[in-house]
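Counting in this note's numbering, the sequence shown runs without a single skipped number right up to 1277 at its last residue.
From the three backbone atoms N, C-alpha and C, an ideal C-beta is built for every residue, glycine too.
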Amino acid sequence: MLRKTLIPFLAGPIFLFGVEGFSADDGSVERGKYIFDAAGCAACHTDTAKGGALLAGGRKLETPFGTFYGPNITPDPEHGIGNWTDDEFLVALRYGVAPDGSHYFPVFPYPSYTGMTDADIRDLKAYIFSLPAHPRPNTEHDVSPPFGWRALMTFWKWLFFENGPLIPDPTREDEINRGAYLVRAMGHCGECHTPRNMFGALDEGNSFAGTSQGPGGGIVPNITPDLETGIGGWSADELDTLFTLGMTPDGDFVGGEMGEVVANTTSRLTPEDRNAMIAYLKSLPPVFNRVGRQAEN
């Protein structure tokens, strides 16, 4: 459960008074590495196709709304986030607000990251700031009006954004709640596996049901437990094999963005966390969506 507040529209007071008790100086770099992998930070912020340095930005992401480029999030003080305070880092992930008070576009998955706990955000910052700085300038997004107008994000957030952190459901098992946290918040799986409306917001009525307008225009499969078009016929062991080796039940191997997710994220999780993700996915309401079947073909 997330919640809507006025903070995304009144970000100034956060920077003026700070976020009580939040300091990345107390973060654990070792634990932050695990959070970093689980959150998939390297994929969007590293231009691996061109041999770019880790987190130095430039990764191209084509969407129906235009082309976005992952920014430099190394500790470089000029082109990266080296001058960010602990509070500014938290506000970026929790509320989608930059240090200058402008709003981020939701291609940065803060609508999911907002669900992360303060402790995980603190550890994530500690790890990122332990990495080498790279002075690569950011590449400007290529987005047509009105989707490139940041001022409109104020209204977008009012309509579609609810800030976290994610509150565990007391009626569900700890494993399911952990899985929900990994899938919905940290792993932000819904950002790719959920279709979007004409305004770029997730279609919550079809969560995780797949879409034909994934990154680069690709088809992203249905990962709800629908028997015909989703993963309803997959066993827990088959899902674990997918998350560790990238192999599907029919012996094929995932590629593209999902191949990166397996290599850099799910295969690096503990068995307990992978099991929690599987348990949560299997607990979702099944949604019939032919996109899932298309992705198999």
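Chain C contact for residue i (CB, 8 Å cutoff)
{"i": "Asp1027", "result": "Chain labels in this structure do not include chain C; a single protein chain is all it has."}
Close beta carbons around residue i, own chain, < 8 Å, minus the five adjacent residues each side
{"i": "Asn1244", "result": "Asp1017, Gly1020, Ala1022 and Ala1023"}
{"i": "Gly1032", "result": "Thr1026, Gly1038, Arg1039 and Arg1116"}
{"i": "Lys1030", "result": "Gly1038"}
Of the residues the options, the one placed nearest residue i, counting alpha carbons only
{"i": "Pro1195", "options": "Met1238, Asp1067 and Pro1265", "result": "Met1238"}
{"i": "Phe1036", "options": "Gly1050, Gly1046 and Phe1188", "result": "Strictly speaking, residue 1036 in this sequence is Ala, with Phe absent from that position. Of Gly1050, Gly1046 and Phe1188, the residue nearest in Cα terms is Gly1050."}
{"i": "Glu1042", "options": "Asp1122, Lys1137, Asn1177 and Ala1029", "result": "Asp1122"}
{"i": "Asp1149", "options": "Gly1159, Phe1140, Glu1142 and Phe1141", "result": "Gly1159"}
{"i": "Leu1225", "options": "Lys1030, Ile1211, Gly1210 and Arg1248", "result": "Arg1248"}
{"i": "Phe1223", "options": "Thr1209, Asp1206, Asn1255 and Gly1213", "result": "Asn1255"}
{"i": "Ala1216", "options": "Trp1136, Asp1253, Pro1201 and Asp1154", "result": "Asp1253"}
{"i": "Pro1044", "options": "Ser1110, Thr1097 and Gln1193", "result": "Gln1193"}
{"i": "Glu1208", "options": "Gly1185, Lys1262 and Asn1269", "result": "Asn1269"}
{"i": "Phe974", "options": "Lys1262, Phe1135 and Met1133", "result": "The requested residue 974 does not occur in the structure, where the chain is confined to residues 981 to 1277."}
{"i": "Gly1134", "options": "Ser1110, Ser1082 and Tyr1161", "result": "The amino acid occupying residue 1134 in the given sequence is Thr; Gly does not appear at that position. Closest by alpha carbon: Ser1082."}
{"i": "Ala1259", "options": "Pro1079, Tyr1161, Glu1058 and Glu1184", "result": "Tyr1161"}
{"i": "Glu1184", "options": "Trp1214, Leu1139 and Met1166", "result": "Leu1139"}
{"i": "Thr1246", "options": "Asp1230, Met1166, Trp1214 and Pro1229", "result": "Met1166"}
{"i": "Thr1065", "options": "Pro1089, Lys1105 and Lys1137", "result": "Lys1105"}
{"i": "Leu1034", "options": "Asp1100, Asn1063 and Ser1110", "result": "Ser1110"}
{"i": "Thr1094", "options": "Asp1080, Pro1079 and Ala1072", "result": "Ala1072"}
{"i": "Asp1230", "options": "Val1241, Trp1214, Glu1240 and Pro1079", "result": "Trp1214"}
Residues near residue i by beta carbon distance below 6 Å, same chain, minus five either side
{"i": "Cys1169", "result": "Val1163"}
{"i": "Ile1061", "result": "Ile1053"}
{"i": "Val1200", "result": "Cys1172, His1173, Gly1190, Thr1191 and Gly1194"}
{"i": "Phe1233", "result": "Gly1226 and Met1227"}
Integer-rounded CB distance, given that residue j should sit under 8 Å from residue i
{"i": "Val1087", "j": "Phe1048", "result": "5 Å"}
{"i": "Thr1191", "j": "Pro1175", "result": "4 Å"}
{"i": "Met1096", "j": "Pro1145", "result": "6 Å"}
{"i": "Asn1143", "j": "Tyr1084", "result": "Contact flag wrong, Cβ pair sits at about 13 Å."}
Residue j beta carbon less than 8 Å from that of residue i
{"i": "Ile1108", "j": "Ile1147", "result": "no"}
{"i": "Pro1091", "j": "Phe1127", "result": "no"}
{"i": "Val1267", "j": "Gly1180", "result": "no"}
{"i": "Ala1131", "j": "Pro1055", "result": "no"}
{"i": "Asp1206", "j": "Gly1212", "result": "yes"}
{"i": "Pro1265", "j": "Thr1204", "result": "yes"}
{"i": "Arg1011", "j": "Asp1067", "result": "no"}
{"i": "Asp1098", "j": "Leu1070", "result": "yes"}
Helix, strand or coil at residue i [DSSP, three-state]
{"i": "Val1242", "result": "helix"}
{"i": "Leu1264", "result": "coil"}
{"i": "His1025", "result": "helix"}
{"i": "Tyr1090", "result": "helix"}
{"i": "Glu1184", "result": "helix"}
{"i": "Met1178", "result": "coil"}
{"i": "Leu1146", "result": "coil"}
{"i": "Ile1258", "result": "helix"}
7 Å CB neighbourhood of residue i in its chain, flanking five on each side removed
{"i": "Gly1197", "result": "Glu1042"}
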